[in-house]
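Each remark here refers to the structure printed beneath this line.
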Amino acid sequence: MNFIFLGPPGAGKGTLAAKVAESYKIPHISTGEIFRAAIKAQTPLGQKVKAILDSGALVSDDITIELVKDRLSQPDTKNGFILDGFPRTIPQAEALENIVKIDAAVNFDISDEGVIERLSGRRVCKNCSQNYHIKFLKPAKENVCDKCGGELFIRDDDKPESIAHRLEVYRSQTAPLIDFYKNKKLLVDIDAKPAADIILAEFKKKF
Ligand code: AMP
């Protein structure tokens, strides 16, 4: 199936997407992760988008749509995929309709307080990008990745000033997608508050 994961930053989309990708053997495509990898590798794209990501604003629709179009043309997406963090604007959703058919838009339901708690406690592995949380998803050893031993860090856009901005951007630009997909009868709500494994069990019941 072709899934979109929709919801505010910090709702747990990336964590669930990694689990669903593993269980359903479909690729997890995170536009944020693609941008961060480009920044780390200092590619021309990375240089172009670094300041935008740090501020919590959105990269332009043109750049993002082109990137996703290219990624979805790769053969590993033929049996399904999860788009995590795309689309994030109505023009992106409209462009996606001309690229591929979506089977479900999974909407992660969470309060602003929940978002702030999740983002401010998030830690990410410098090496393999695995996500952790200081309260909900602790690594076995403080600040060390369980998977690869890499050092954990706080994303620049998880700092308080960026979190507030990202929530504002979500409300004004991305939240309208809920109605967009509801009107197309593709929206499936999921309670994003419980732990990831409970949400995964819920997801498997629905799909
Ligand atoms: P995420 O990892 O999904 O929270 O994305 C991190 C950042 O990457 C966002 O705050 C944006 O700056 C950028 N980004 C990711 N996906 C998109 C998108 N679909 N459209 C525009 N910017 C995006």
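The opening residue of the sequence shown carries number 86 in my numbering; numbering runs sequentially from there. The C-beta atom is built at its ideal place from N, Cα and C for all residues, glycine as well.
The DSSP assignment places complete alpha helix (DSSP H) segments of no fewer than 4 residues inside the region 144-217 at 146-157, 175-182, 197-205, in order along the chain. Here alanine 126 is exposed. Its C-beta has fewer than 16 other C-beta atoms within 10 Å. In this structure, aspartate 243 has its beta carbon at no less than 7 Å from each heavy atom of the ligand AMP. Residue pairing by DSSP places leucine 237 opposite Cys210 in a beta bridge. At a Cβ-Cβ threshold of 8 Å, glutamine 177 and threonine 149 count as neighbours.
Taking a cut-off of 5 Å from the heavy atoms of the ligand AMP, the residues with a C-beta inside it are Pro94, Thr116, Gly117, Phe120, Leu138, Leu143, Val144, Thr149, Gly170, Phe171, Arg173. Taking alanine 106 as the centre and dropping the five residues before and after it, the same chain places the C-beta of Pro112, His113, Ile167 closer than 7 Å to its C-beta, in chain order. Per DSSP, the continuous beta strand (DSSP E) segment holding aspartate 274 begins and ends at 272-276.
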